[in-house]
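Chains as they are written, first to last, in this note's numbering: chain A, 1 to 108; chain B, 109 to 230. Glycine included, each C-beta is placed from N, C-alpha and C at the ideal position.
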Amino acid sequence: QSVLTQPPSASGTPGQRVTISCSGWNSNFGTTYIYWYQQLPGTAPKLLIYRNNQRPSGVPDRFSGSKSGTSASLAISGLRSEDEADYYCAAWEDTLRVFGGGTKLTVL
Amino acid sequence: EVQLVESGGAVVQPGGSLRLSCAASGFTFDDYTMHWVRQSPGKGLEWVSLITWNGGTTYYADSVKGRFTISRDSSKNSLSLQMNSLRSEDTAFYYCAKEFCSTTFCYGIDSWGQGTLVTVSS
Numbered sequence: 001q002s003v004l005t006q007p008p009s010a011s012g013t014p015g016q017r018v019t020i021s022c023s024g025w026n027s028n029f030g031t032t033y034i035y036w037y038q039q040l041p042g043t044a045p046k047l048l049i050y051r052n053n054q055r056p057s058g059v060p061d062r063f064s065g066s067k068s069g070t071s072a073s074l075a076i077s078g079l080r081s082e083d084e085a086d087y088y089c090a091a092w093e094d095t096l097r098v099f100g101g102g103t104k105l106t107v108l
Numbered sequence: 109e110v111q112l113v114e115s116g117g118a119v120v121q122p123g124g125s126l127r128l129s130c131a132a133s134g135f136t137f138d139d140y141t142m143h144w145v146r147q148s149p150g151k152g153l154e155w156v157s158l159i160t161w162n163g164g165t166t167y168y169a170d171s172v173k174g175r176f177t178i179s180r181d182s183s184k185n186s187l188s189l190q191m192n193s194l195r196s197e198d199t200a201f202y203y204c205a206k207e208f209c210s211t212t213f214c215y216g217i218d219s220w221g222q223g224t225l226v227t228v229s230s
């Protein structure tokens with residue numbers, strides 16, 4: 001069981017804005033940076049967000065991250081069919097890197 | 109172009125050993141922290157281990173500590189994972205990945221290989 005909790009699934013229709021949450025259950029979560037990854041079916045993960053809300057070059061601004069207290073969120077605006085994927089949050093837990101359990105996003 | 113190419117995946121019996129390798133190219137290998145991350149078929153991502161840019165520090169997930177050893181060879185731009193005492197729960201795709209870390213924070217794992225499959229079964 002991961003120290004980062006994500007909903008197992010989320011869904012939305014094209015053009016909609018969806019959010020995926022990631023919550024931590026220890027005191028470190030408030031001070032640690034959160035990262036978000038997208039994994040399309042059959043492919044390796046891709047970095048979407050680092051340091052809570054920073055986008056690497058090439059990531060569309062439809063993707064945004066936020067963090068407050070013991071919860072972080074990934075928001076996807078203008079949802080597209082190609083956004084259908086698994087999304088993972090990640091963080092440092094002391095010296096270890098941990099991933100959330102992942103959220104399967106379905107575009108209806 | 110950044111390339112991370114894993115090799116060494118195989119079917120191995122419980123209790124056996126295996127060594128995975130990752131050939132890196134297209135970036136300055138010595139500047140990056142390197143990771144192994146695994147994913148059981150149909151399951152989520154599980155971080156396994158990391159080694160810092162100079163090989164001076166290594167960390168392991170509790171699930172593999174004492175059984176797996178990560179190493180790097182800067183002369184060959186390669187990363188390795190020696191896996192001993194393998195268990196059925198180690199069955200997974202193993203990804204090699206890189207991350208740039210400054211003295212204050214890390215920028216996220218920004219490149220991944222395509223993975224190599226390790227199957228532990230009798």
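Check, Outcome
"Opening and closing residue of the beta strand (DSSP E) in which W161/B lies", "Element bounds for W161/B: n/a, residue is neither H nor E."
"Boundaries (first-last residue) of the beta strand (DSSP E) holding Y87/A", "85-93"
"Closer than 8 Å to chain B by CB, G17/A", "Looking at the sequence provided, one finds Arg at residue 17/A rather than Gly. False, the Cβ-Cβ gap to chain B never drops below 8 Å."
"Those runs of the beta strand (DSSP E) which lie wholly inside the segment 140-220 of chain B and span at least 3 residues", "141-147, 153-159, 166-168, 176-181, 186-191, 200-209, 214-220"
"Proximal residues to N26/A (C-beta, below 7 Å), its chain only, five neighbours per side dropped", "V3"
"Under the three-state DSSP convention, the category G120/A falls into", "It is not possible to answer for residue 120/A, since the shown part of chain A is limited to 1 through 108."
"Under 8 Å between C-beta atoms of E207/B and T141/B", "yes"
"Y215/B at chain A interface by Cβ criterion, 8 Å", "yes"
"The segment 122-130 of chain B / the segment 48-64 of chain A touching (three or more Cβ pairs under 8 Å)", "no"
"Burial state of T31/A, where buried means 16 or more other Cβ atoms lie within 10 Å", "exposed"
"Inter-residue spacing [alpha-carbon to alpha-carbon] between Q39/A and T166/B", "26 Å"
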